[in-house]
Amino acid sequence: MNSQFWDNRYTPADFVYGTAPNDFLRQCANYIPAGPVLCLGEGEGRNAVFLASRGYRVTAVDQSAVGLAKAERLAAQCGVSLNTEVVDLRDYTIEPESWSAIVSIFVHLPPPLRRDVHSAAAIGLHSGGVLILEAYTPAQVRHKTGGPVDAPELLMTLEQLRGELIGLELEIGRELERDLIEGPAHTGRAAVVQVLARRG
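Residue numbering for the sequence shown follows this note's numbering, starting at 643 and increasing by one per position.
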């Protein structure tokens with residue numbers, strides 16, 4: 643799933659994943675301390691715009707220029723601003739102790755890259771900062787309502803995440819099934835893992 647794949651995915655005028663923020667992110671938003679927020683794999687911007695509307699200074703990173711152009715348009719429509727960076731996460735440096743929150747919503751990466759990104763994210767938080775993550779688990783293969791079910795190695799478990807988020811305390815860590823309503827690409831019953839983790 644390279645930049646061309648995502649550019650094609652985001653080309654339609656409609657928002658593929660909707661414009662409302664992810665439910666889990668909305669539930670966790672009050673746990674985010676003041677300061678800058680980094681949204682990884684942010685795509686069309688629904689989560690970044692939500693956080694910007696709450697007063698956070700948000701940087702949205704994605705490899706798709708098409709997706710981030712839609713994010714900027716959505717931000718303008720909502721009267722907020724975003725900093726956007728078109729970059730592959732392989733090439734993006736999460737600076738240590740730089741962020742009050744890092745958000746990863748349905749960002750599915752090859753395991754070696756995922757481990758590197760999660761390790762960097764843990765180090766990238768300020769003391770007291772939080773990581774908010776939701777992703778599909780391997781059980782999603784039976785639902786086929788979204789996610790890379792044809793590449794199950796990209797799915798993740800809570801046990802794997804515990805081993806990758808070294809230095810963070812999990813305030814929420816759970817696997818569950820829930821109903822998603824997030825645009826045409828994410829609607830239906832889904833098997834997910836949810837994490838709210840804080841740096842001490």
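Backbone N, C-alpha and C fix where the C-beta goes; we use that ideal spot for every residue, glycine too. Model, not experiment: these values are computed from the prediction.
- Using a 10 angstroms sphere on the CB of GLU813, the tally of other CB atoms stays under 16, which defines it as exposed.
- Here PHE692 is buried. Its C-beta has 16 or more other C-beta atoms within 10 Å.
- Of the other Cβ atoms in all chains shown, 16 or more fall within 10 Å of the Cβ of ALA702; this residue is therefore buried.
- When the beta-carbon positions are compared, LEU838 and ILE774 come within less than 8 angstroms of each other.
- Around the C-beta of TYR652, 16 or more other C-beta atoms lie within 10 Å, and the residue is accordingly described as buried.
- Excluding its 5 nearest sequence neighbours in each direction, CYS720 has C-beta neighbours in its own chain below 7 angstroms: VAL691 and SER695, listed in chain order.
- Around the beta-carbon of GLY830, fewer than 16 other beta-carbon atoms lie within 10 Å, marking it exposed.
- The beta carbons of GLY842 and SER769 sit about 7 angstroms from each other, so the pair counts as a contact at 8 angstroms.
- Its chain contains VAL837 as the residues whose beta carbon lies nearer than 6 angstroms to that of LEU803, once the 5 sequence neighbours on both sides are disregarded; these appear in chain order.
- Burial state of ILE744 is buried, judged by a 10 Å Cβ sphere holding 16 or more other Cβ atoms.
- Judged by DSSP secondary structure, TYR778 falls within the beta strand (DSSP E) whose first and last residues are 767–778.
- Nearest C-alpha to VAL729 among THR799, ASP792, LEU682 and GLY660: LEU682.
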